[in-house]
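This report concerns only the one structure given below.
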Amino acid sequence: MSNSDSKINGYFALTRTGTYGFVAALPLLLAYEFLILRVNIEGPAAIRVGADVWIKQFLMTIGGREQVSIGAITVFLGLMICFFERKKRIRIRAGYFPLMLVESACYSVILSIIVSRMVTEIFSVSAIAPALSAQGISALDSYGLKIALSLGAGIYEELLFRVLLVSVFFLGFNALLPGKRKTVYFVAAIFAALIFSGVHYIGPYGDTLTAASFVYRFLFGLALNAVFIVRGFAIAAWSHALYDIMVVTLYSG
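The numbering of the sequence shown is my numbering, which starts it at -2 and goes up by one.
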């Protein structure tokens, strides 16, 4: 009984650390970068996931170079996190990573079912999960590109909207509401989810704005915020990527 409990507690504690988050998310990042380069070679123009482009454009506005590799920066930051966490003596257990993948797959299915059901009840319509149409994926013929952008959404949208945005909102609201940690996390998650949903309707590849699709994305973004806060970056990233792959596979022509 005690051994079993210690293993479960060890799994949930370890997989929330930055070290596990980086190691578990690294295959997702590498797969996206490899596939996106591969499919763009055959395409007329380079296409990358929106959050990847937005981060790159932001870095350029503050003095970065056009050739900056967001993937390389992400790897560097991940290695720095591992370095700073070395004093915790985090033990890498290979058996935990398949469990993280299964856990993420369960979240991607369960959350999509719950959110679809909620939107169906609210709007009295059959809610088909909107995935990456804001990236223009629905108009693309390349199945490989759809998968690549699904992976990229998992890694870069989670970095932008969960790691950065939720954290920034948390710090800001925490200064206004000191000592109310749960309330601050909830408010930060709400604001980040609203922005996450809204950006899918901006730009040349933006989706057509409808109340049902906006609420769907808001609720799913809110669910991912909860996964990030409770379970950490890697679980949220893989849940998002597997969800998008599922939607592209099931609903894409």
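All C-beta atoms in this analysis are idealised placements derived from N, C-alpha and C, irrespective of residue type, glycine included. Nothing here was measured: the structure is a model prediction, and the numbers come from that model.
Whole-angstrom distance between residue j and residue i, CA atom to CA atom
i, j, result
"residue 75", "residue 168", "21 Å"
"residue 152", "residue 241", "12 Å"
"residue 197", "residue 72", "26 Å"
"residue 94", "residue 162", "26 Å"
"residue 149", "residue 34", "12 Å"
"residue 204", "residue 176", "39 Å"
"residue 11", "residue 213", "31 Å"
"residue 207", "residue 118", "16 Å"
"residue 86", "residue 13", "14 Å"
"residue 131", "residue 211", "Confidence is the limiting factor: at residue 131 the pLDDT is only 39, short of 50, which leaves the residue's position unreliable, though a coordinate-based value still follows. Approximately 12 Å between the Cα atoms of the pair."
"residue 44", "residue 78", "29 Å"
"residue 244", "residue 88", "35 Å"
"residue 108", "residue 147", "17 Å"
8 Å contact criterion, which residue i and residue j should meet: CB distance rounded
i, j, result
"residue 15", "residue 82", "6 Å"
"residue 236", "residue 105", "5 Å"
"residue 48", "residue 157", "4 Å"
"residue 50", "residue 217", "Not quite, the Cβ-Cβ distance comes to about 21 Å (not below 8 Å), so this is no contact."
"residue 225", "residue 159", "4 Å"
"residue 141", "residue 32", "6 Å"
Cβ pair residue i, residue j closer than 8 Å
i, j, result
"residue 97", "residue 238", "no"
"residue 30", "residue 92", "no"
"residue 185", "residue 170", "yes"
"residue 321", "residue 155", "Residue 321 cannot be examined here, being either before or after the span of the chain that is shown, -2 to 250."
"residue 116", "residue 209", "yes"
Per-residue burial, residue i [other beta carbons within 10 Å of its own, 16 or more giving buried]
i, result
"residue 165", "exposed"
"residue 246", "exposed"
"residue 180", "exposed"
"residue 143", "buried"
"residue 145", "buried"
"residue 53", "buried"
"residue 215", "buried"
"residue 228", "buried"
Original post:
Is the number of C-beta pairs between the stretch 191 to 198 and the stretch 210 to 229 that are closer than 8 Å three or more?
Top reply: yes
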